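Scroll down for the structure; my scribbles are underneath it.
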Amino acid sequence: MNQPFEALVHAVISQQLSIKSATAIRQRVHALLPKNDISIHAFNQISLADYKKAGLSEAKTNTIQGLIPFALDKTNDFNQLHTYPNKQVKERLRQLKGVGPWTVDVFLMFSLKRLDILLQAT
């Protein structure tokens, strides 16, 4: 998983869940995508009802759907986040509803491979 959008979706799915539960939901969400298509546009084709059937809460579904226009907006440089310092990444992502410190830190650690992150419960 090296696509920033997919990584952020995975972080949202994992919020306040056990690893086992989050993995099961991620697998069900991926089953809704066209084969080998993890693009933003593919996630955008998933209906609210299908996200719910996959086990996502309404809040997480709304968060994921809110990520889509943010990621597609060229002024956000979403695919260039890896070039920004941690503070700037945090500022950009924390403006999104449903994306808090834990989610951003998970994204920084696992997607952007930042080593200087300490996850804290929020």
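Count along the sequence shown starting at 1, add 558, and that's the number in the numbering used here. Backbone N, C-alpha and C define an ideal beta-carbon position, used for all residues, glycine too. This structure is a prediction, so every number in the text was calculated from the model and none was measured.
Within the same chain, and ignoring the five residues on either side of Leu651 in sequence, the residues whose Cβ sits closer than 6 Å to its Cβ are Val657 and Val662.
With 16 or more other Cβ atoms from the protein chains shown falling within 10 Å of its own Cβ, Lys618 counts as buried. Between Val664 and Ile622, the C-beta gap is not smaller than 8 Å, which leaves the two residues out of contact. With a cutoff of 8 Å on beta-carbon distance, Ile583 and Leu614 are scored as near each other. Cβ-Cβ separation between Ile626 and Asn644: approximately 24 Å, too far for a contact (criterion under 8 Å). Relative to Ile598, the option among Gln561, Ala580, Glu649 and Ala589 whose CA is nearest is Gln561. For Tyr609, the enclosing alpha helix (DSSP H) covers residues Leu606 to Lys611. Annotated three-state conformation of Ile675 is coil, per DSSP. For the pair Val647 and Leu639, the Cα-to-Cα distance works out to about 6 Å. Between Phe636 and Leu654, the CB-CB gap reaches or exceeds 8 Å. The Cβ atoms of Arg586 and Ala565 do not sit closer than 8 Å to each other. Ile596 carries a coil assignment under DSSP once its states are collapsed to helix, strand and coil.
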